[in-house]
Amino acid sequence: MHAPLRNCCCQTARLFHRRLPASQLCSRQSATDRLHAGARSHIRTLAAGQSSNMHTQSEQLLSVAPMMDWTDLHFRQLCRLLSKHTWLYTEMVVDQTLLHNPNTDRFLWFPPEQHPIVCQLGGSNPQTLAAAAKVVARYGYDEINLNCGCPSERVAGAGCFGAAMMLQPALVAQCCQAMQDAVPHIPVTVKCRLGVDETDSYEALCTFIRTVSEQSSVTHFIIHCRKCMLSGLNPAQNRTIPPLRREWAWALKRDFPHLQFSLNGVVQNCQEAAAILDHRQDGVEGGGSMHGVMIGRQAFYQTWDCLADADRSVFGARANPALNRRQVLTEYAAYGDSVLGKWFVRENGQQNPNVRTVFKPLLNMFHGERGSKRWKQVVDAKFKTASSVLGLVKDTLECFPDEVLDAPPKQHPVYEWQPQPDSIPEPPTKKQCCGDLRNSRLELLAKQLVTEQGVDDDRGVDSHEDQVLLHAEDCAVAAPVTA
């Protein structure tokens, strides 16, 4: 479904284009052109997605969040062995990195089985982001996501991007539209927080969503359901200290039913994600359900328990691809050995990536199982001499009994998830936009003018009504109404 332009803005656009001379038209059409360009670009995106982007076969019901130093190439490969349908995100890649580093493979390459996959970009300059998006497109990513949620003060200060971008919604819209225009066949999305520092009201969040969605082709927002403090809290504290407000995501779906929202915030496993997706809001267009759920650090800390049952419980598959952990470790080891030294091998035999780097995602596969701590100790002791991932796996699995290695994914009980009604914010106070204000003033002035003597104008109009509207518009521009 195409995201509709707001009626007030469309009316303003029609009025502004009503037989105005070229000199006045040029000065007034830029904002309207941006709105229409966004709509046209979104239509191109949808059409191209149906024809050329064949990897996106499943809805983005469940995804693994982009996490610096965590969701690298190797961890994503492990996730894909556990779930064929869960969407995977890269770590944030800074636009300047792709433009000034000749070896972009280290940041963007992935094996084809990792589809569906999203590249998250960081930046605040529309031109450099558009150029970076073209680089990303060469690798065949299914979506591009703009990071508007990173709470690092270093990122916000040095590059003025991440969560700091939420303070400039118009700039976010420009960045997103620049990327969409550069790669019209790849959808562009936004991941953001609830707010930044003292700009943390629900009304401010709605302003951000409204501005970005109306001034660009973005229709999908991933909402990290906490605000962030750029001053006073570090990134780790920003994940725990600001209150979790999942209900705000439901409120956004209520107030913007034509947009898509995915919820991110302390989701424990795929069964909880399924319960969140099943929730419906009474009286909301289309049921008011979440478009998707994004799981963050739990996917790394408890990889097996978190994702192994995802295809069955979330996507409705008859069976999960991973029968047991023994199978997953064997398949992952084959992948791991195939990428050892992919980036370089020095004369002394040093490889990048090496066995330790590739093996890292496996370390939490036995979280909560008896013997997990001892297994990690044995693995660490063998890292220095290990020459292959498969060899290291075979040498250390004796730490676990067969009933652990061959156990199928746990099917945690599915429960009904309900947001706290008292925590759902009220819809923001409806404010008239520029189109509402201008049109209402024009109507008032036009009524006054038609009772007076004919309006004389030499701009080539051919009706008294046109003269009245043009004259009324001049009055509105000369004395604008302030909200």
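Okay, so the sequence shown: first residue is 1 according to this note's numbering, each after it adds one.
In this text, a Cβ means the ideal position worked out from N, Cα and C, and glycines have one as well.
query = Does DSSP put Cys-160 in a helix, in a strand, or in coil?
reply = Here residue 160 corresponds to residue number 160 of the sequence shown, with the count starting at 1. In this structure, Cys-160 counts as coil in the three-state DSSP scheme.
message = Looking at Val-393: is its Cβ nearer than 8 Å to the Cβ of Leu-340?
response = Taking the sequence shown and counting its residues from 1, one reaches residue 393 at position 393. Taking the sequence shown and counting its residues from 1, one reaches residue 340 at position 340. Contact: no.
key: Whole runs of the alpha helix (DSSP H) within the segment 392-425, excluding any shorter than 4 residues   = 402-405
query = Beta-carbon of Pro-401 versus every beta-carbon of chain D: anything under 8 Å?
reply = Among the chains of the structure shown, chain D does not appear; only one protein chain is present.
inquiry  = Can you look up Asn-264 in the DSSP assignment and give me helix, strand or coil?
reply    = Residue numbering aside, residue 264 sits at position 264 when the sequence shown is read from its first letter. The answer is strand: DSSP assigns Asn-264 an E or B state.
Residues near Cys-306 in its chain [Cβ-Cβ closer than 7 Å; skip 5 each side] = Translated into positions along the sequence shown, residue 306 becomes position 306. Only Asn-269, Cys-270, Ile-295, Gln-298 and Ala-299 meet the Cβ criterion.
ask   = Between the segment 175-182 and the segment 118-127, are three or more C-beta pairs nearer than 8 Å?
value = yes
message = If contact is defined by three or more beta carbon pairs under 8 Å, each pair taking one atom from either stretch, is the segment 254-269 in contact with the segment 220-232?
response = yes
Any beta strand (DSSP E) of 3 or more consecutive residues that is wholly inside the segment 265-326 = 292-295
query = Expressed to the nearest angstrom, what Euclidean distance is found between the alpha-carbon atoms of Leu-323 and Cys-160?
reply = Translated into positions along the sequence shown, residue 323 becomes position 323. Translated into positions along the sequence shown, residue 160 becomes position 160. So the two alpha carbons sit approximately 45 Å from each other.
inquiry  = Quick check on Trp-87: does DSSP put it in helix, strand or coil?
reply    = In the sequence shown, residue 87 corresponds to position 87, counting from 1. Strand.
key: Span separating the alpha-carbon of Thr-32 from that of Ser-216   = In the sequence shown, residue 32 corresponds to position 32, counting from 1. In the sequence shown, residue 216 corresponds to position 216, counting from 1. Residue placement at Thr-32 is poorly supported in this model, since its pLDDT is 41, which falls under 50; the coordinates still yield a value, given next. Going by the C-alpha atoms only, they are around 12 Å apart.
query = Tell me, which residues are paired with Val-118 by DSSP?
reply = Indexing the sequence shown from 1 puts residue 118 at position 118. Bridge partners of Val-118: Tyr-89 and Glu-143.
task = Give me the Cα-Cα distance between Leu-362 and Pro-102, rounded to the nearest whole angstrom.
result = As a working note, residue 362 is residue 362 in the sequence shown. As a working note, residue 102 is residue 102 in the sequence shown. Roughly 30 Å separates the two Cα atoms.
Ile-209 (DSSP reduced to helix, strand or coil) = Along the sequence shown, one-based indexing puts residue 209 at 209. Residue state, collapsed to three classes: helix.
request  = Rank Gly-371, Ser-387, Asp-380 and Pro-413 by C-alpha distance to the C-alpha of Pro-401 and give the top, closest one.
outcome  = Taking the sequence shown and counting its residues from 1, one reaches residue 401 at position 401. Minimum Cα distance to Pro-401 is reached at Gly-371.
task = Check whether the Cβ of Leu-307 lies closer than 7 Å to any heavy atom of the ligand ADP, and answer yes or no.
result = The ligand ADP is not part of the structure shown, which contains no ligands of any sort.
message = For Gly-149, which residues in the same chain have their Cβ closer than 6 Å to its Cβ, ignoring the five residues on either side in sequence?
response = Taking the sequence shown and counting its residues from 1, one reaches residue 149 at position 149. If we look at Gly-149 and ignore the five residues flanking it on each side, its Cβ neighbours are Ala-163, Lys-191, Cys-192, Arg-193 and His-224.
inquiry  = On a Cα-Cα basis, can you pick out the residue from Met-92, Ile-276 and Ala-274 that is closest to Ser-152?
reply    = The residue given as residue 152 occupies position 152 in the sequence shown. The option with the nearest alpha carbon to Ser-152 is Met-92.
ask   = Does DSSP put Thr-97 in a helix, a strand or coil?
value = As a working note, residue 97 is residue 97 in the sequence shown. Of the three classes helix, strand and coil, the one that applies to Thr-97 here is helix, per DSSP.
message = Assuming the contact rule is C-beta atoms closer than 8 Å, Tyr-139 and Trp-109 should be a hit. Round their C-beta distance to whole Å, please.
response = Position 139 of the sequence shown, counting from 1, holds the residue named residue 139. Position 109 of the sequence shown, counting from 1, holds the residue named residue 109. So it is a contact: roughly 7 Å between Cβ atoms.
query = Looking at the structure shown, is Phe-221 part of a helix, part of a strand, or coil, going by DSSP?
reply = Locating residue 221 in the sequence shown gives position 221, where the first residue counts as 1. Looking at Phe-221 - three-state DSSP - the assignment turns out to be strand.
Beta carbon of Leu-252 nearer than 8 Å to that of Leu-61 = Residue mapping note: residue 252 aligns to position 252 of the sequence shown, counting from 1. Residue mapping note: residue 61 aligns to position 61 of the sequence shown, counting from 1. Result no, Cβ atoms of Leu-252 and Leu-61 do not sit closer than 8 Å.
task = Tell me, to the nearest whole angstrom, how far the beta carbon of Trp-250 is from that of Pro-419; I am working on the premise that it is less than 8 Å.
result = For the purposes of this step, residue 250 is identified with residue 250 of the sequence shown, where counting begins at 1. For the purposes of this step, residue 419 is identified with residue 419 of the sequence shown, where counting begins at 1. Going by Cβ atoms, the distance from Trp-250 to Pro-419 rounds to 5 Å, so yes, they are a contact pair.
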